[in-house]
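Chains as they are written, first to last, in the working numbering: chain W, 0 to 282; chain U, 0 to 282.
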C-alpha cells in the first residue's frame, strides 16, 4: 500500500459532532487537550474494512475516559455508527482508526468541561501475515508512565527518547522501574521460559493484543504467568516478543547487551503468532 | 476586572504565522501537540500593557524548546514583535500571554516536524497588591514531573488530582518524591527557618518569580539556600509560601495536618512580597 498515492488531507474525520475533511479539522487552542495535554485516545486497526476487536477497544476507551472524568457525549452506539460511516466514506480497506478525547474548553485552564471527541481514519500498512523471524533490539530505560492504566495522549518521554534509542542502535525502548519491566512505549512485553509465557501484571497499559494473547494461551494449554519480571531475569528468557494492535507480534532478539536465542518456526512465539492471525481472521 | 464583559472569542491570537480571532483558531488534529501531548509553553503576565519579565520568559521558552528539539521557526525578535502586536490589538491592560509550541504534523505520529507556534492573550485578574495574610492549605502528594526542567504542557496529574485535593480541603498540591519536596503544579515552594529562605534546588521547574525572589534575597542580605527539603523538615518552618508569575507570593498556613505559625506584616514573607512588587513596578 502506497501511503502517498492519495490526498491524506481530503480524508473525512469526525470532530466535535461534525464530519469534516482532515485538512479543515482543528482543535480549538482553548481545549485542555492542547493547553494541558489532558486527553486520552484509542487506536484500532481496520482490515478489509472491518474494525478489529472494536468492542475491546471501545471498552478500554470508555474505561480510560471514566478514570479521567471525561464524559463522552456520544453514546457507544453512536461511536460505532460514526466509525462505520468513516470506513464507508474513506474507503481505506487497511487503515487505523484513532479516537481522541480531551478535557474541553476551560476558562481557567484547569476545569474539565464538555470534552470534544475526534475520530480520525488514517492509512496504515498491514503488518506481515507471517511472523518475522528476525528480531528487534530493545534498550531498557528507567521510566514509569503516569496514570499507567489509562491510554493517555502523553508520549512525551517516548518521543523525547528517540535520539537516545537510536544512539543505542535499538529499535524500541523497554521501560522499567527499579529494574522491574513495565512495557514498551506502544506495546506490551512478553518473555518465554520453560515453555511458559510470562508478562508483567501491573503498572503498564493493558493492550488489546496482550488480552488476545492471554486468552489464546488459556484456550491452547500454553502456560501463562502475569507477574513481575526483572531486567536480570531477561537473561534466562528463551524467547521474547512485543505485542500491539498495529504490529501483532514482533520477536525480540536483543535487550541492551544481552542476545536472545534465535527463534524458528518451531518456537512458541511462532505458534502464538499463528493463533493470533487465526483469531483475527475469524473476528 | 470582569472577565465576561466582552467577547473572549473575538480576541486576536497568533497561530502558525497568522493573526486570527481566537474563535477560528484551531490546531490541526495531526499535530503531535494534539496526538501525543508533545509540547511546551510559557505564560507571562501583562500589567498596564507591559509584558512582565519578558526576556526571562523567552529565555526559558527557548530553552524548553531546545531540550525538546522543537525548532521555533520565528526568531526571538519576531516573537517579541508579535507579543506587542497582540497587546496593541487586544487592548487588555491586565492579561496573560501564553506561548505554546508542539511537535508539528507527523505522518507516523512520532517524528517531530515543523513546530507550530501559538501565542494567545487572555484576560487575567491582577493579583492583590498587598500580600494576603491568610494562608492556603497544601496537600502533599508523591509525584515527580517527567522532564522536570522543561515547561511541558503535561498537566495530566495536576488536573486529575483536583477532586482528591478538594477531598483534602486543600487549595493546592505539593509534589514530593520519597519525601523530598519538589514543587506545586503551577508554583514553586519556599520555606523560612531561622530567617533563612529555603527552596528546592532541583527536580522542579524553575519559575521566573522564583528567580526574582532569589535575586531579591541576594540583593537584600536575606540568607537563601537552594537545597533538598524533606516533608519532615516542613514542621520546623516558621513561614512558607508559594510563588508564581500570576500569583506572585501566597503564604501557606497548613501542609497536610501541620499548621504553620501565623504571619503578620513583620514576617519575612511580607518583606519579600513588597520587594517583589517593587521589582515588578520598576521593570
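Glycine residues also receive a C-beta, built at the ideal position from the N, C-alpha and C atoms.
Predicted, not measured: the structure shown is a model, and the values here were computed from it.
Asked: Do residue 172 (chain U) and residue 295 (chain U) count as a contact pair if the criterion is CB distance below 8 Å?; Found: Chain U is shown only over 0 to 282; residue 295 (chain U) falls outside these bounds and no answer can be derived.
Asked: Note down the Cα distance separating residue 288 (chain U) from residue 60 (chain U), rounded to an integer number of angstroms.; Found: In the structure as shown, chain U starts at 0 and stops at 282, and residue 288 (chain U) therefore has no counterpart that could be examined.
Asked: With a Cβ-Cβ cutoff of 8 Å, do residue 189 (chain U) and residue 240 (chain U) count as a contact?; Found: yes
Asked: Tell me whether residue 280 (chain U) sits in a helix, a strand or coil according to DSSP, three-state version.; Found: helix
Asked: Listed in chain order, which residues of the region 132 to 162 of chain U have Cβ atoms closer than 8 Å to some Cβ of chain W?; Found: 142, 145, 146, 151, 152, 153, 154, 155, 156, 157, 158, 159, 161, 162
Asked: Residues of the region 23 to 54 of chain U in Cβ contact with chain W at a cutoff of 8 Å, in chain order, please.; Found: 24, 25, 26, 27, 28, 29, 31, 32, 33, 34, 35, 36, 37, 38, 40
Asked: Tell me which residue opens and which closes the alpha helix (DSSP H) that residue 150 (chain U) is part of.; Found: Per DSSP, residue 150 (chain U) belongs to no alpha helix (DSSP H) and is neither H nor E.
Asked: Which runs of the beta strand (DSSP E) spanning at least 3 residues fall entirely within the region 166 to 243 of chain W, listed in chain order?; Found: 171 to 176, 179 to 182, 187 to 192, 195 to 198, 222 to 225, 238 to 243
Asked: Threshold first: 4 residues or longer. Then list the alpha helix (DSSP H) segments lying entirely within the region 103 to 163 of chain U, N to C.; Found: 155 to 159
Asked: Use the C-beta contact count for residue 200 (chain W): other C-beta atoms within 10 angstroms, 16 or more gives buried, fewer gives exposed.; Found: exposed
Asked: Which partner residues does residue 25 (chain U) have in the DSSP bridge list?; Found: W:27
Asked: I'd like the span of the alpha helix (DSSP H) that includes residue 17 (chain W), first residue to last.; Found: It is not in any alpha helix (DSSP H) - residue 17 (chain W) instead sits in the beta strand (DSSP E) that spans 17 to 20.
Asked: Using DSSP with H/G/I as helix, E/B as strand and the rest coil, what is residue 41 (chain W)?; Found: strand
Asked: In terms of DSSP beta bridges, what is residue 81 (chain U) paired with?; Found: DSSP lists no partner for residue 81 (chain U).
Asked: How many angstroms separate the CA atom of residue 175 (chain W) from the CA atom of residue 78 (chain W)?; Found: 35 Å
Asked: Expressed to the nearest angstrom, what Euclidean distance is found between the alpha-carbon atoms of residue 93 (chain W) and residue 52 (chain W)?; Found: 14 Å
Asked: What residues are listed by DSSP as bridge partners for residue 253 (chain U)?; Found: U:136, U:258
Asked: With a cut-off of 8 Å, does the C-beta of residue 171 (chain U) fall near any C-beta of chain W?; Found: no
Asked: Is residue 284 (chain U) helix, strand or coil by DSSP?; Found: Given a span of 0 to 282 for chain U in the structure shown, any question on residue 284 (chain U) remains unanswerable.
Asked: Between which two residues does the beta strand (DSSP E) carrying residue 95 (chain U) extend?; Found: 94 to 101
Asked: Could you list the residues in the region 108 to 120 of chain W with a C-beta less than 9 Å from some C-beta on chain U, going in chain order?; Found: 108, 109, 110, 111, 117, 119
Asked: Is the beta carbon of residue 152 (chain W) sitting closer than 8 Å to the one on residue 85 (chain W)?; Found: no
Asked: When DSSP labels each residue in this structure, what does residue 271 (chain W) get in the three-state scheme?; Found: helix
Asked: Under 8 Å Cβ-Cβ, which residues of chain U neighbour residue 14 (chain W)?; Found: 28
Asked: In the DSSP assignment, the beta strand (DSSP E) including residue 11 (chain U) goes from what residue to what residue?; Found: 11 to 14
Asked: Under a CB-based cut-off of 8 Å, is residue 21 (chain W) close to chain U?; Found: yes
Asked: Pull up the distance between the alpha-carbon of residue 253 (chain W) and that of residue 275 (chain W), whole angstroms please.; Found: 23 Å
Asked: Hey, residue 242 (chain U) and residue 212 (chain U): beta-carbon distance below 8 Å or not?; Found: yes
Asked: Go through its chain and collect everything with a Cβ distance to residue 266 (chain W)'s Cβ below 6 Å, but skip five positions before and after it.; Found: 238
Asked: Any idea if residue 54 (chain U) is buried or exposed, counting beta-carbon neighbours within 10 angstroms, 16 or more meaning buried?; Found: exposed
Asked: Please work out which residues of its chain come closer than 8 Å, Cβ to Cβ, to residue 157 (chain W), disregarding the five sequence neighbours upstream and downstream, and give them in chain order.; Found: 172, 184, 185
Asked: Which residues in chain U sit within 7 Å of residue 67 (chain W), going by Cβ to Cβ distance?; Found: 159
Asked: Along chain W, which residues have their Cβ under 9 Å away from the Cβ of residue 347 (chain U)?; Found: Residue 347 (chain U) lies beyond the stretch modelled for chain U, which goes from 0 to 282, so this question has no answer here.
Asked: Figure out for me which residue from U:8, U:13, U:233, U:29 has the closest Cα to the Cα of residue 14 (chain W).; Found: U:29
Asked: By Cβ distance, which residues of its chain are closer than 7 Å to residue 44 (chain U), with the 5 residues on each side in sequence left out?; Found: 51, 95, 123, 244, 245
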